[in-house]
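Read the structure below first, then the notes.
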Amino acid sequence: MSAERPATERPADERPADERRRVGVNLLWLVPGVVGGSEEYTTRLLRGLAEAPPPDLDLTLFALAPFADAHPDLASAYPTVTTRIDGHRKPQRVAYEASWLARQVARHDLDLVHHAGGVVPPGPLIGRHRSVLTIHDLQPLVMPENFSAAKRRWLATMLPRSARKAGIIVTPSDPTGAQVVSRLGIDRAKVRTVPHGIEPHVPVAEADVAAVRARYQLGSQVVLYPAITYPHKDHVTLVEAFARLARSRPDLTLVLTGGVGPAEQEVIAAIRRAGVGDLVRRTGRIGEDDLRALYAVADVVAVPSRFEGFGAPALEAMSAGVPVVVADATALPWVVGDAGLKVPVGDVARWADALGRVLDRPAVHDTLAAAGRVRAATFTWDRAARDLAESYRAALGVGETGAR
192 MSAERPATER PADERPADER RRVGVNLLWL VPGVVGGSEE YTTRLLRGLA
242 EAPPPDLDLT LFALAPFADA HPDLASAYPT VTTRIDGHRK PQRVAYEASW
292 LARQVARHDL DLVHHAGGVV PPGPLIGRHR SVLTIHDLQP LVMPENFSAA
342 KRRWLATMLP RSARKAGIIV TPSDPTGAQV VSRLGIDRAK VRTVPHGIEP
392 HVPVAEADVA AVRARYQLGS QVVLYPAITY PHKDHVTLVE AFARLARSRP
442 DLTLVLTGGV GPAEQEVIAA IRRAGVGDLV RRTGRIGEDD LRALYAVADV
492 VAVPSRFEGF GAPALEAMSA GVPVVVADAT ALPWVVGDAG LKVPVGDVAR
542 WADALGRVLD RPAVHDTLAA AGRVRAATFT WDRAARDLAE SYRAALGVGE
592 TGAR
């Protein structure tokens, strides 16, 4: 087996400056409906590039068997090569990345491969190509207790190795990029931020708002938290803060959307312990229309998460004109800027105080709502897609028109 070479040792691209470059996007990590927010982030970036195709880049997607059914628009917009596997068996998927993908990269004579799932696959064939790597977050290294022993071992090896091999690293926020630099020892010059975007807000019909309020039997004031019950999402702090607020606000409702995660039983126990079961609504996973209506109903969106690579719910809330209160941790303060209240992680008393300020003071509510709309408008998928294309060019060593 040949030794790995760092990206800086790869031969320079000496072809004519105006020649189009071929970029392959490795989506073999993307199991539709399973990988969470990274799926929305990646597919929306690809839609942005499809809506305004770069004049100098041709993209080909390499994906799992279910991808075309889950994202037919992308499978139509780009040449898409799919495997025969569904990706649910990780060892099989990793083997495909090292073998099947390597053959496809050679067959399509690619100039660049974008590994959008956090690691560059093992194997010397993949390692020879120029690459862009998306690192969505470093939670496996920062909070290893949230992962299985096998996954911890795998990522403890693969994340640093992948970061060293990649020519350019894309992260969804500046704080995540800073963690990549500090924890993995990566040169800051090769790390680029490509943030999430948000679609322009479309007001929800009053009838739909009323229907959601009736369906979930909501009180006159609503605190909303959209999140799967993962340990780092810290539902427990929010439940305990909500219980303090509810003592003097009998018509207050806490709505928790999102699927069941590893901390589910802990959240159930916290609700029972606080005695607020009749004031908490657990919706489970809901459709986009219901979520949009819940944003319209909510008086405040709380995001107490202890770790986020970005923090899409905060951006969604700001776009909808809902005040946000977030944990003062990782990327969340960067996302909300001065348009939201920041609270120390796990501080129940401070959380209750901050939420109470928004609920009880119309001036605070309205100021945050207006500031949030302005802040959210700076995050667009069009801009993010352009940033991604520039990251490709940086890895290739060419400019927007192909000129060096």
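This note's numbering puts the last residue of the sequence shown at 595; the count rises by one with no breaks. Positions of the beta carbon are idealized from the N, C-alpha and C atoms, including for glycine. Note that the coordinates shown come from a computational prediction; the quantities given were computed from them, not determined experimentally.
The alpha-carbon of Val-395 is positioned some 9 Å away from that of Tyr-486. Counting the other CB atoms within 10 Å of its CB gives Gly-227 a total below 16, which places it among the exposed residues.
Counting along the chain, the unbroken beta strand (DSSP E) around Arg-473 starts and ends at 471-475. Separation of the CB atoms of Tyr-269 and Ala-243 is rounded to 14 Å, and the pair is thereby denied contact status at 8 Å. Pro-391 sits away from Leu-375, with the two beta carbons spaced by 7 Å or more. Ala-575 places its beta carbon less than 7 Å from that of Pro-386. For the set Pro-524, Glu-455, Gly-278, Pro-282, the Cα lying nearest the Cα of Phe-498 is the one of Pro-524.
When DSSP states are grouped into helix, strand and coil, Tyr-416 belongs to the strand group. Considering only Val-323, Ile-377, Ile-359, Pro-313, the residue with the shortest C-alpha distance to Thr-348 is Pro-313. Put simply, of Leu-324, Gly-563, Leu-559 the residue whose alpha carbon is nearest the alpha carbon of Glu-507 is Gly-563. Val-517 has Val-494, Lys-533 as its beta-bridge partners, per DSSP. Per DSSP, reduced to three states, the secondary structure at Phe-570 is coil, with no helix or strand assignment. With a cut-off of 8 Å on Cβ pairs, the segment 513-521 is not in contact with the segment 579-587, counting fewer than three such pairs. Nearest to Gly-308 by C-alpha distance, out of His-327, Leu-546, Leu-332, Leu-248, is His-327.
Excluding the 5 residues flanking it on each side, Thr-325 has same chain C-beta neighbours closer than 6 Å at Ala-307, Val-361, in chain order. Per the C-alpha coordinates, the member of Ser-496, Pro-246, Val-400 positioned closest to Val-430 is Ser-496.
Per DSSP, reduced to three states, the secondary structure at Leu-443 is strand. Assignment of Asp-249 by DSSP, reduced to helix, strand and coil, places it in the strand class. The continuous stretches of beta strand (DSSP E) do not include Gly-228, which lies in the alpha helix (DSSP H) extending over residues 228-242. The secondary-structure analysis by DSSP pairs Thr-448 across a beta bridge with Pro-417, Gly-475. Spanning the alpha carbons of Gly-388 and Val-565 requires a straight line of approximately 14 Å.
Note on geometry: alpha-carbon atoms of Val-414 and Arg-552 lie some 15 Å from one another. Separation of Val-492 and Leu-237 (C-alpha to C-alpha, rounded to the nearest whole angstrom) is 28 Å. Under the DSSP assignment, His-426 falls in the alpha helix (DSSP H) whose first and last residues are 426-437. Annotation: Phe-338 to Pro-331 spans about 7 Å, alpha carbon to alpha carbon. Looking from the CA of Val-214, the closest CA among Asp-442, Gly-547, Arg-343, Thr-271 belongs to Thr-271.
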